[in-house]
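The block underneath contains the structure these notes are about, expressed in structure tokens.
There are 2 protein chains.
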Amino acid sequence: MAKIKAIKNGSKKDVISLKAAILFRKKGYNASSMRELADNLGVEAPSLYNHIGSKSEILQNICFKVANDFNQQLSEVEKMAGNTMIKLETLIRFHIHMMLDSFDEVYVANHEWKQLEEPCLSNFLTQRKVYESRLIEIISMGIRNGELKKMHPHVAALIILSAVRSLEFWQRHKKNMNISALEDDMVTHLLNGIIK
Amino acid sequence: MAKIKAIKNGSKKDVISLKAAILFRKKGYNASSMRELADNLGVEAPSLYNHIGSKSEILQNICFKVANDFNQQLSEVEKMAGNTMIKLETLIRFHIHMMLDSFDEVYVANHEWKQLEEPCLSNFLTQRKVYESRLIEIISMGIRNGELKKMHPHVAALIILSAVRSLEFWQRHKKNMNISALEDDMVTHLLNGIIK
DNA sequence: TTAAAAAACTAATAACCGTTAGTTTTGTAT
DNA sequence: ATACAAAACTAACGGTTATTAGTTTTTTAA
Numbered sequence: 303m304a305k306i307k308a309i310k311n312g313s314k315k316d317v318i319s320l321k322a323a324i325l326f327r328k329k330g331y332n333a334s335s336m337r338e339l340a341d342n343l344g345v346e347a348p349s350l351y352n353h354i355g356s357k358s359e360i361l362q363n364i365c366f367k368v369a370n371d372f373n374q375q376l377s378e379v380e381k382m383a384g385n386t387m388i389k390l391e392t393l394i395r396f397h398i399h400m401m402l403d404s405f406d407e408v409y410v411a412n413h414e415w416k417q418l419e420e421p422c423l424s425n426f427l428t429q430r431k432v433y434e435s436r437l438i439e440i441i442s443m444g445i446r447n448g449e450l451k452k453m454h455p456h457v458a459a460l461i462i463l464s465a466v467r468s469l470e471f472w473q474r475h476k477k478n479m480n481i482s483a484l485e486d487d488m489v490t491h492l493l494n495g496i497i498k
Numbered sequence: 303m304a305k306i307k308a309i310k311n312g313s314k315k316d317v318i319s320l321k322a323a324i325l326f327r328k329k330g331y332n333a334s335s336m337r338e339l340a341d342n343l344g345v346e347a348p349s350l351y352n353h354i355g356s357k358s359e360i361l362q363n364i365c366f367k368v369a370n371d372f373n374q375q376l377s378e379v380e381k382m383a384g385n386t387m388i389k390l391e392t393l394i395r396f397h398i399h400m401m402l403d404s405f406d407e408v409y410v411a412n413h414e415w416k417q418l419e420e421p422c423l424s425n426f427l428t429q430r431k432v433y434e435s436r437l438i439e440i441i442s443m444g445i446r447n448g449e450l451k452k453m454h455p456h457v458a459a460l461i462i463l464s465a466v467r468s469l470e471f472w473q474r475h476k477k478n479m480n481i482s483a484l485e486d487d488m489v490t491h492l493l494n495g496i497i498k
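Protein chains in written order, with the numbering used here: chain A, 303 to 498; chain B, 303 to 498.
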């Protein structure tokens, strides 16, 4: 009899998506049942199908919403004026904020994309590959400009991406750390490694 | 009628474990069925139970074998003579080799430990925490000695761990890259960031 | 107040899962 | 050759899953 409470500026589908992201992060996509998700929403499982098409559709929504956010920000950075360092700093800070603000969704996109069904899976993987290429191109340009050290841009990109991803592990230490100090530390550390 | 071929110096249980690691890495633990694992071994699913106790036992074997390997190497490094840099270099190179030589097992231990059942789950998490603490202690000692820059040892440890973990993504580029050059690059890059 | 639409419910289904039981085949050692 | 053990097989079970169908309740709008 309970109803799904819609969030401000969000459909009930969005509420389901949000709760699903939390559940999928904690237990994994396949280990999360629709019954448990419904339970978390105070509702019976079949009721969910008034709002969503299928379980895998929820995963798709989560993964592609995250991918779109990252792609959009990357586009803005590409259009940005300024030197390579500022572009990279902007991008790194965005990654950090996404990881801290939309932790569950980003985590699920990073860990559960394998459970996407075709053709979504291929689509997602292509997007990741393209994102990586665009980041590498920004770094390459910085190397050509002489702004960055001579290095393999692929390696630099991976180090940056893996470092921001390590923030996953910081979730549990959140209370003990000053977030903005952490952010500055990480930006400095990563950029110092590649700036000339 | 086909039989499970035992590997040199390995029981049939080990062969199952190995094939399971490959399957679990590709599809995830929960998305991998015993029937599919058996298929990969040329056998019917119930036949597996002549060699193993349960599906979750396989996951346990994979996760704790990896954990033991890392713990053992860490113990040797702690007993090592030499300065902090050499210790860290040894450890980083070991991580890289584990990632390249036992890719599937390490990947599964990193990605599927959540699917362990209690009390294995708690045991595993404790081991990870202790491992991290011991690494942090090595770094702290280096800072106290004046060998390393003044920095938060926790941050340094996470950057190192996340960087070697990023080698997961390198699997697919294996052919295009010189592995030992990559290893040297990564060691240099990581240590340059923290050495005084 | 009433009709329509939205969203909850109960009941049920077909598919798949890990696993067990019981049996037959295969390999090994006397 | 024969006996024993190891390891394969078939058949099946109980449980869980996502999902559908059909119905009832709740909300919305006129």
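For glycine and all other residues, C-beta sits at the position ideal for the given N, C-alpha and C. From a predicted model like this one, the values you see are computed outputs, not experimental measurements.
Extent of the continuous alpha helix (DSSP H) to which B/H456 belongs: Residue numbering aside, residue 456 of chain B sits at position 154 when the second sequence is read from its first letter. Looking at the DSSP string, the run of the alpha helix (DSSP H) that includes B/H456 is 455-467.
Tell me, please, whether the CB atom of B/E338 is closer than 9 Å to any CB atom in chain A? The sequence position of residue 338 of chain B within the second sequence is 36, counting from 1. With 9 Å as the cut-off, B/E338 does not count as an interface residue toward chain A.
Measure the alpha-carbon distance for B/D406 versus A/L484 and round it to whole angstroms. Numbered from its first residue, the second sequence carries residue 406 of chain B at position 104. Numbered from its first residue, the first sequence carries residue 484 of chain A at position 182. Near 32 Å, if we compare the C-alpha coordinates of A/L484 and B/D406.
Where does the unbroken alpha helix (DSSP H) through B/H353 begin, and where does it stop? Here the question's residue 353 of chain B lines up with position 51 in the second sequence. Note, B/H353: premise wrong, no alpha helix (DSSP H); not H, not E.
Straight-line Cα distance separating A/N352 from A/K315: Stepping through the first sequence from its first residue, residue 315 of chain A is reached at position 13. Stepping through the first sequence from its first residue, residue 352 of chain A is reached at position 50. Each residue's Cα considered, the two are about 9 Å apart.
Assign B/L343 to buried or exposed, taking buried as 16 or more other Cβ atoms, counted over all protein chains shown, within 10 Å of its Cβ. Position 41 of the second sequence, counted from the start, is the residue given in the question as residue 343 of chain B. With 16 or more other Cβ atoms from the protein chains shown falling within 10 Å of its own Cβ, B/L343 counts as buried.
What are the residues of the region 388-403 of chain B that lie near chain A, defined by any Cβ-Cβ distance shorter than 8 Å? none
DSSP three-state assignment for B/L450, whether helix, strand or coil: The residue you call residue 450 of chain B lines up with position 148 of the second sequence. Three-state result, B/L450: strand.
Where A/E414 falls: helix, strand or coil (DSSP): Working through the first sequence from its first residue, we reach residue 414 of chain A at position 112. In this structure, A/E414 counts as helix in the three-state DSSP scheme.
Taking 8 Å as the cut-off, is the beta-carbon of B/S435 closer than that to any non-hydrogen atom of the ligand SAM? Absence of the ligand SAM from the depicted structure is noted, as is the absence of any ligand whatsoever, leaving it without description.
If I measure Cβ to Cβ from B/L350 and keep anything under 8 Å in the same chain, skipping five residues before and after, which residues do I get? Numbered from 1 along the second sequence, position 48 holds the residue referred to as residue 350 of chain B. Counting only Cβ-Cβ distances below 8 Å, and skipping sequence neighbours, we find I318, M336, L339, A340, L343.
Report the three-state DSSP secondary structure of B/S319 (helix, strand or coil). Numbered from its first residue, the second sequence carries residue 319 of chain B at position 17. Three-state DSSP puts B/S319 in a helix.
From A/M303 to B/E419, what distance separates their C-alpha atoms? Within the first sequence, the letter at position 1 stands for residue 303 of chain A. Within the second sequence, the letter at position 117 stands for residue 419 of chain B. For A/M303, the predicted structure reports a pLDDT of 45, less than 50, and the residue's modelled location is therefore unreliable. A value from the coordinates is still provided. Each residue's alpha carbon lies about 34 Å from the other.
Proximal residues of chain A, C-beta to C-beta of B/S482 below 7 Å: Along the second sequence, one-based indexing puts residue 482 of chain B at 180. Neighbours of B/S482 on chain A: none; closest Cβ ~14 Å, over 7 Å.
Using a C-beta to C-beta distance shorter than 9 Å, which residues of chain B count as neighbours of A/F471? Numbered from its first residue, the first sequence carries residue 471 of chain A at position 169. The answer, in chain order, is E434, L460, L463, S464.
Under 9 Å between the Cβ atoms of B/V379 and B/I440? Locating residue 379 of chain B in the second sequence gives position 77, counting from the first residue. Locating residue 440 of chain B in the second sequence gives position 138, counting from the first residue. Yes. Within cutoff.
Please list, in chain order, the residues of the region 325-349 of chain B that have any C-beta partner in chain A closer than 9 Å. K328, K329, G330, Y331, N332, A333
Local conformation of A/M488 per DSSP, three classes: For the purposes of this step, residue 488 of chain A is taken as the residue at position 186 of the first sequence. In the structure shown, A/M488 sits in a helix (DSSP, three-state: H, G or I).
Can you grab the Cα-Cα spacing for the pair A/T386 / A/R430, in whole Å? For the purposes of this step, residue 386 of chain A is taken as the residue at position 84 of the first sequence. For the purposes of this step, residue 430 of chain A is taken as the residue at position 128 of the first sequence. Approximately 21 Å between the Cα atoms of the pair.
Do you know offhand how far B/N311's Cα is from B/L320's? In the second sequence, counting from the first residue as 1, residue 311 of chain B sits at position 9. In the second sequence, counting from the first residue as 1, residue 320 of chain B sits at position 18. Low confidence applies to B/N311: its pLDDT is 49, below 50, so where it sits in the model is not reliable, and the reading given next is rough at best. Their backbone Cα atoms lie some 13 Å apart in a straight line.
Have a look at A/R467, A/A322, A/A465, A/L493 and flag the residue whose alpha-carbon is nearest the alpha-carbon of A/Q362. As a first step, residue 362 of chain A must be located in the first sequence, where it is residue number 60. Looking at the Cα atoms, A/A322 is the closest of the given residues.
Rounded to the nearest angstrom, what separates A/Q374 and A/K367 at their Cα positions? Here the question's residue 374 of chain A lines up with position 72 in the first sequence. Here the question's residue 367 of chain A lines up with position 65 in the first sequence. Taking the straight line joining both Cα atoms gives about 11 Å.
Nearest-angstrom beta carbon gap, B/S377 and A/L463 [assumed within contact, 8 Å]: If you number the first sequence from 1, residue 463 of chain A lands on position 161. If you number the second sequence from 1, residue 377 of chain B lands on position 75. Not really, about 31 Å apart at Cβ, beyond 8 Å.
At which residues does the alpha helix (DSSP H) containing B/E391 begin and terminate? As a working mapping, residue 391 of chain B is identified with position 89 in the second sequence. Taken as a continuous stretch (DSSP letters only), the alpha helix (DSSP H) holding B/E391 covers 386-403.
Return helix, strand or coil for A/P421, following the three-state DSSP convention. Working through the first sequence from its first residue, we reach residue 421 of chain A at position 119. Here A/P421 sits in coil by DSSP.
Anticipated Cβ contact below 8 Å, A/M382 with A/K389, distance rounded: By 1-based counting over the first sequence, the position of residue 382 of chain A is 80. By 1-based counting over the first sequence, the position of residue 389 of chain A is 87. Sure, about 6 Å apart at Cβ, within 8 Å.
Secondary structure of A/A483, DSSP reduced to three states: In the first sequence, counting from the first residue as 1, residue 483 of chain A sits at position 181. Looking at A/A483 - three-state DSSP - the assignment turns out to be helix.
Roughly how many angstroms separate the alpha carbons of B/I364 and B/V408, rounded to a whole number? As a first step, residue 364 of chain B must be located in the second sequence, where it is residue number 62. As a first step, residue 408 of chain B must be located in the second sequence, where it is residue number 106. Approximately 8 Å, taken between the alpha carbons.
Chain-order list of residues whose beta-carbon lies under 8 Å from that of B/E283 (same chain, five-residue window excluded): Given that chain B is displayed from residue 303 to residue 498, the structure contains no residue 283 of chain B and the question cannot be resolved.
Straight-line Cα distance separating B/S442 from B/H456: Along the second sequence, one-based indexing puts residue 456 of chain B at 154. Along the second sequence, one-based indexing puts residue 442 of chain B at 140. Looking at the two C-alpha atoms, the distance is approximately 9 Å.
So, is the C-beta of A/R446 closer than 9 Å to a C-beta in chain B? As a working mapping, residue 446 of chain A is identified with position 144 in the first sequence. A/R446 does not count as touching chain B.
Same chain, Cβ closer than 8 Å to B/F426, five either side skipped, listed in chain order: Counting from one through the second sequence, the residue named residue 426 of chain B turns up at place 124. Once the five neighbours on either side are set aside, the close Cβ partners of B/F426 are C365, F366, A369, W415, L418.
So that I know if they touch, is there some Cβ in chain A lying closer than 9 Å to that of B/Q417? As a working mapping, residue 417 of chain B is identified with position 115 in the second sequence. Closer than 9 Å: yes.
Taking the continuous alpha helix (DSSP H) assigned at B/L339, which residues delimit it? Here residue 339 of chain B corresponds to residue number 37 of the second sequence, with the count starting at 1. Note, B/L339: alpha helix (DSSP H), 336-342.
From the beta carbon of B/D486, is the nearest beta carbon of chain A less than 9 Å away? If you number the second sequence from 1, residue 486 of chain B lands on position 184. No, B/D486 does not count as interfacial toward chain A.
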